[in-house]
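Trainee:
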Amino acid sequence: MAFICRFAPSPTGPLHIGGVRTALFNWLLAKKNKGKFYLRIEDTDKERSKEEFKKQIIESLDWIGIKHDDKEYIQSKNINKHKEIAHELLKKDFAYKCYCSEEEIKEQKEKCKKQGIPYVYNRKWRDPKDLPIPKNIQPVIRFKSKISGNSIVKDLVQGEINIANSIIEDFVILRQDGSPTYQLSAVVDDHLMKITHVIRGDDHKINTFKQKQIYEALKWDIPQFAHIPLIHSEKGSKLSKRDMASTIGDYIKKGIISDALRNYLLRLGWAHKDKEIFTLKESIELFDLKGVGKSPSKLDLTRILSLNEYYIKHMDEKKLFELFKVFSKKFRKKVESSKEKSILKSMSFLKNKAKTLDDIYCNSEYILQDDIKISPEDSKLLDSTSKNIIKDFLFQFEKMSNVNKENLEKTFKGLIDKHKTNFKGVGQPLRIVLTGSKFGPGIYDIILSLSKDEVIKRLS
RNA sequence: GGUCCCAUCGUCUAACGGUUAGGACAGGUGGUUUUCAAUCACCUAAUCGGGGUUCGAUUCCCCGUGGGACCGCCA
């Protein structure tokens with residue numbers, strides 16, 4: 009069976025992680041079924057749609073590895089077709105012109121609110137009989153919704169949803185200015201694009217009942233629907249732009265890598281037995297709508313971090329290094345070409361200490377910086393004994409013909425015996441002088457990652 | 001307020017109607033360790049409440065409670 013799906017965001021704000029997950033689920037299903045995945049930019053709200061958001065959407069999807077088939081569809085380009093269909097519905101008596109002014113509608117709503125009853129458009133113009141047509145009002149076109157009975161949608165995630173038709177009002181399909189609304193445009197485009205599966209956030213659930221009626225009026229095939237629960241912020245509220253970590257960019261900035269976030273998003277609201285780590289290939293093979301839960305899930309940054317740590321540890325060092333370079337350039341400092349070799353060599357131990365690319369940066373700062381600054385607090389630790397140890401080490405290090413772990417170990421042992429101290433007594437002062445910090449990679453790793461000259465320079 | 005949906009450790013989630021209710025993250029304890037980490041071992045921690053149905057209910061039904069979504073000439 010053909011499997012054609014789409015992700016249809018509106019470029020009226022930055023795409024957040026919930027949208028990315030929706031796109032991911034669509035894409036995964038398309039890949040699994042050897043179908044198509046399209047991206048449709050729903051830019052019919054001219055006021056709020058912005059080119060920068062469109063760009064942000066495409067870049068976000070691209071970063072996480074979601075590639076859409078064909079060029080992205082731009083909904084506004086199809087507006088004439090939408091209008092045409094609206095008029096077809098009008099001609100076939102599935103829709104009608106409504107001459108209510110906006111004030112009139114507003115009044116009705118307020119009245120309902122006062123009385124505490126739910127507002128539904130009163131269908132004044134559905135069957136106008138001899139109502140005089142106001143000359144000064146441009147009509148909107150409303151769809152004739154079913155008035156009685158019930159409708160059932162078989163949702164691939166939610167199961168059967170049953171509602172009374174009376175709560176679905178005669179919704180507007182063409183505005184006063186003649187432009188189509190979302191309900192109409194979405195249906196027409198989905199039909200034209202031959203979409204077979206509509207997978208979207210469950211905030212669209214009610215729309216399904218409106219859209220289904222348009223399909224039926226036009227005698228078009230109705231796609232399958234799947235409404236996935238929304239993602240909540242860590243506080244449990246709806247994800248909003250104000251949440252610091254809500255867009256892909258927020259995570260890139262933290263040094264999260266693409267595979268980790270993809271894996272996280274996959275497992276948020278979906279599970280396959282006890283499996284936690286999914287390669288891209290595995291996610292395509294194993295993903296299904298049956299495994300999608302029905303309740304909303306909360307974002308958990310520590311989980312993302314832990315997944316990121318896993319992916320960093322298991323990543324090819326060269327690849328990781330490339331990601332690191334891009335990250336540093338963008339958010340920290342460009343890695344100078346003279347330091348590249350040394351950093352790359354050090355990836356093997358740097359990655360074992362890192363949860364993010366930023367952690368790698370912090371742990372490699374001693375390589376990146378030429379001037380090592382020692383804090384007053386750390387200076388206190390450098391007493392005369394420590395200074396002697398450093399001097400002794402430097403003396404032997406300069407003579408060392410072959411700098412390797414074995415020789416360093418020998419030297420350290422000798423110093424420990426001579427100064428009647430322990431490993432820490434030798435390691436810590438050297439670490440402080442070499443890196444400007446008490447914390448960091450193993451002392452042998454540090455020494456081996458720097459050139460012999462550099463070590464000598466720093467110890468002198 | 002109306003309509004619809006949902007409900008398992010703090011979090012993400014497993015569990016043909018029969019399990020000591022499992023895993024992962026976080027947290028805790030201990031081992032290892034030159035620091036911070038990492039790592040290894042172990043531990044704490046959940047079926048929202050109340051009724052049914054059933055020999056047996058996390059699982060099915062009803063009620064309550066709690067949470068969410070929607071209620072635009074936004075999408």
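Residue numbers (our numbering): 9 to 468.
Glycine is no exception: its CB is placed at the ideal position from the N, C-alpha and C atoms.
(1) Measuring CA to CA, which of Glu60, Glu111 and Thr30 is closest to Gly21?
(2) Report yes if the CB atom of Asn316 is closer than 8 Å to the CB atom of Ile351, and no otherwise.
(3) Nearest by alpha-carbon distance to Arg340: which of His90, Lys262, Lys413 and Ile256 is it?
(4) Assign Lys6 to buried or exposed, taking buried as 16 or more other Cβ atoms, counted over all protein chains shown, within 10 Å of its Cβ.
(5) How many whole angstroms separate the CB atoms of Ile375 and Lys347, which I take to be in contact at a CB cut-off of 8 Å?
(6) Between which two residues does the alpha helix (DSSP H) containing Asn215 stretch?
(7) Count the other CB atoms within 10 Å of the CB of Leu389; is the residue buried (16 or more) or exposed (fewer)?
(8) For a quick check, are the C-beta atoms of Ile398 and Val441 less than 8 Å apart?
(9) Expressed to the nearest angstrom, what Euclidean distance is found between the alpha-carbon atoms of Ser356 and Ala234?
(10) Buried or exposed for Ser345, please, with buried defined as at least 16 other CB atoms from any protein chain shown within 10 angstroms of its CB.
(11) Is Leu271 helix, strand or coil when you go by DSSP?
(12) Report the rounded CA-to-CA distance for Tyr452 versus Thr419, giving the unit in angstroms.
(13) Taking Ser303 as the reference, give the member of Tyr223, Ser314, Ile236 and Ile312 with the closest Cα.
(14) Whole alpha helix (DSSP H) runs in the region 77 to 153 with 4 or more residues, listed along the chain?
(15) Name the two residues that bound the continuous beta strand (DSSP E) containing His205.
(16) Taking only runs of the alpha helix (DSSP H) that begin and end inside the region 356 to 397, which ones reach a length of at least 4 residues, in chain order?
(17) With contact counted as at least three CB pairs below 8 Å, one residue from each stretch, are the region 48 to 68 and the region 79 to 86 in contact?
(18) Report the rounded CA-to-CA distance for Asp366 versus Ser109, giving the unit in angstroms.
(19) Where does Gln436 fall in DSSP's three states?
(20) In the DSSP assignment, find the unbroken alpha helix (DSSP H) run with Leu423 in it and report its ends.
(21) Have a look at Phe403, Ser459 and Ser445 and flag the residue whose alpha-carbon is nearest the alpha-carbon of Asp386.
(22) Is it the case that the CB of Ser459 approaches a heavy atom of the ligand ATP more closely than 7 Å?
(23) Measure the alpha-carbon distance for Ser153 versus Lys281 and round it to whole angstroms.
(24) Would you report the Cα separation of Cys13 and Gly277, rounded to the nearest angstrom?
(25) In angstroms, rounded to a whole number, what distance separates the CA positions of Arg56 and Pro19?
(26) According to DSSP, what are the bridge partners of Arg48?
(27) Going by C-alpha distance, which of Ile65, Phe11, Ile25 and Leu164 is nearest Ser305?
(28) Alpha carbon to alpha carbon, how far is Gln166 from Gly209?
(29) Please report how far the alpha carbon of Lys361 lies from the alpha carbon of Lys283, in whole angstroms.
(30) Where does Ile320 sit, in a helix, a strand or coil, going by DSSP?
(31) What would DSSP say about Asp258, mapped onto helix, strand or coil?
(32) Put Gly43 into one of helix, strand or coil per three-state DSSP.
(33) Is the beta carbon of Ser383 closer than 8 Å to that of Ser372?
(34) Indicate whether the contact test is met: 3 or more Cβ pairs, each with one atom in the region 97 to 115 and one in the region 69 to 79, closer than 8 Å.
(35) Enumerate in chain order the residues of its own chain whose CB-to-CB distance from Asn41 is below 6 Å, with the five nearest sequence positions on each side excluded.
(36) Quick one, are the C-beta atoms of Arg270 and Ile72 less than 8 Å apart?
Mentor: Let me spell this out:
(1) Within the first sequence, the letter at position 13 stands for residue 21. If we check each option's Cα against that of Gly21, Glu60 comes out closest.
(2) Your numbering for residue 316 matches position 308 in the first sequence. Your numbering for residue 351 matches position 343 in the first sequence. Using a Cβ distance threshold of 8 Å, Asn316 and Ile351 do not count as a contacting pair.
(3) By 1-based counting over the first sequence, the position of residue 340 is 332. When only C-alpha atoms are compared, the closest one is Lys262.
(4) No answer is possible for residue 6: the residues shown for the chain start at 9 and end at 468.
(5) Locating residue 375 in the first sequence gives position 367, where the first residue counts as 1. Locating residue 347 in the first sequence gives position 339, where the first residue counts as 1. Yes, Ile375 and Lys347 are in contact; Cβ-Cβ is about 6 Å, under 8 Å.
(6) Residue 215 sits at position 207 when you count from the first residue of the first sequence. In this chain, the alpha helix (DSSP H) harbouring Asn215 covers Lys213 to Leu226.
(7) Taking the first residue of the first sequence as position 1, residue 389 is located at position 381. Residue burial is scored here from C-beta neighbours: Leu389 has fewer than 16 other C-beta atoms within 10 angstroms and is therefore classed as exposed.
(8) Here residue 398 refers to the residue found at position 390 when the first sequence is read from its first residue. Here residue 441 refers to the residue found at position 433 when the first sequence is read from its first residue. Yes.
(9) As a first step, residue 356 is located in the first sequence; it is residue number 348 there, counting from the start. As a first step, residue 234 is located in the first sequence; it is residue number 226 there, counting from the start. Rounded to whole angstroms, Ser356 to Ala234 spans 44 Å at the Cα level.
(10) Sequence index remark: in the first sequence, residue 345 carries index 337 (1-based). Label assigned to Ser345: exposed.
(11) The residue labelled residue 271 in the question sits at position 263 within the first sequence. According to the sequence provided, residue 271 is Asn. The question's Leu does not apply to it. Residue state, collapsed to three classes: helix.
(12) The sequence position of residue 452 within the first sequence is 444, counting from 1. The sequence position of residue 419 within the first sequence is 411, counting from 1. C-alpha separation (whole angstroms): 11 Å.
(13) Reading the first sequence from its first residue, position 295 is the one you call residue 303. When the alpha-carbon of Ser303 is set against those of Tyr223, Ser314, Ile236 and Ile312, the nearest one is in Ile236.
(14) If we require 4 residues or more, the alpha helix (DSSP H) runs fully inside the region 77 to 153 come out as 87 to 99 and 110 to 123.
(15) On the first sequence, residue 205 is found 197 positions in, with the first residue counted as 1. Where His205 is concerned, the enclosing beta strand (DSSP E) starts and stops at His205 to Gly209.
(16) Qualifying alpha helix (DSSP H) stretches, in chain order: 365 to 376 and 384 to 389.
(17) The region 48 to 68, when compared against the region 79 to 86, does touch it at the 8 Å Cβ threshold.
(18) By one-based count along the first sequence, residue 366 stands at place 358. By one-based count along the first sequence, residue 109 stands at place 101. Rounded to whole angstroms, Asp366 and Ser109 show a C-alpha spacing of 57 Å.
(19) Within the first sequence, the letter at position 428 stands for residue 436. Per DSSP, reduced to three states, the secondary structure at Gln436 is helical.
(20) By 1-based counting over the first sequence, the position of residue 423 is 415. Counting along the chain, Leu423 sits inside the alpha helix (DSSP H) bounded by residues Lys413 to Lys426.
(21) Numbered from 1 along the first sequence, position 378 holds the residue referred to as residue 386. Closest by alpha carbon: Ser445.
(22) By its list of ligands, the structure shown contains no ligand whatsoever, and the ligand ATP lies outside what it can speak to.
(23) One-based indexing of the first sequence puts residue 153 at position 145. One-based indexing of the first sequence puts residue 281 at position 273. Looking at the two C-alpha atoms, the distance is approximately 43 Å.
(24) Position 5 of the first sequence, counted from the start, is the residue given in the question as residue 13. Position 269 of the first sequence, counted from the start, is the residue given in the question as residue 277. Annotation: Cys13 to Gly277 spans about 20 Å, alpha carbon to alpha carbon.
(25) As a first step, residue 56 must be located in the first sequence, where it is residue number 48. As a first step, residue 19 must be located in the first sequence, where it is residue number 11. Spanning the two alpha carbons is a distance of roughly 8 Å.
(26) Translated into the one-based positions of the first sequence, residue 48 becomes position 40. According to DSSP, Arg48 bridges with Tyr81.
(27) As a working mapping, residue 305 is identified with position 297 in the first sequence. Taking only the C-alpha atoms, the option nearest Ser305 is Ile25.
(28) On the first sequence, residue 166 is found 158 positions in, with the first residue counted as 1. On the first sequence, residue 209 is found 201 positions in, with the first residue counted as 1. Roughly 11 Å between the two C-alpha positions.
(29) Walking along the first sequence from the start, residue 361 turns up at place 353. Walking along the first sequence from the start, residue 283 turns up at place 275. Roughly 25 Å between the two C-alpha positions.
(30) Position 312 of the first sequence, counting from 1, holds the residue named residue 320. Correct three-state label for Ile320: helix.
(31) Working through the first sequence from its first residue, we reach residue 258 at position 250. Residue state for Asp258 is assigned as helix, using DSSP reduced to three classes.
(32) Working through the first sequence from its first residue, we reach residue 43 at position 35. It is coil, neither helix nor strand.
(33) Translated into positions along the first sequence, residue 372 becomes position 364. Translated into positions along the first sequence, residue 383 becomes position 375. No. Outside cutoff.
(34) Short answer: they don't touch.
(35) For the purposes of this step, residue 41 is taken as residue 33 along the first sequence, with counting starting at 1. Only Phe11 meet the Cβ criterion.
(36) Walking along the first sequence from the start, residue 270 turns up at place 262. Walking along the first sequence from the start, residue 72 turns up at place 64. Contact: yes.
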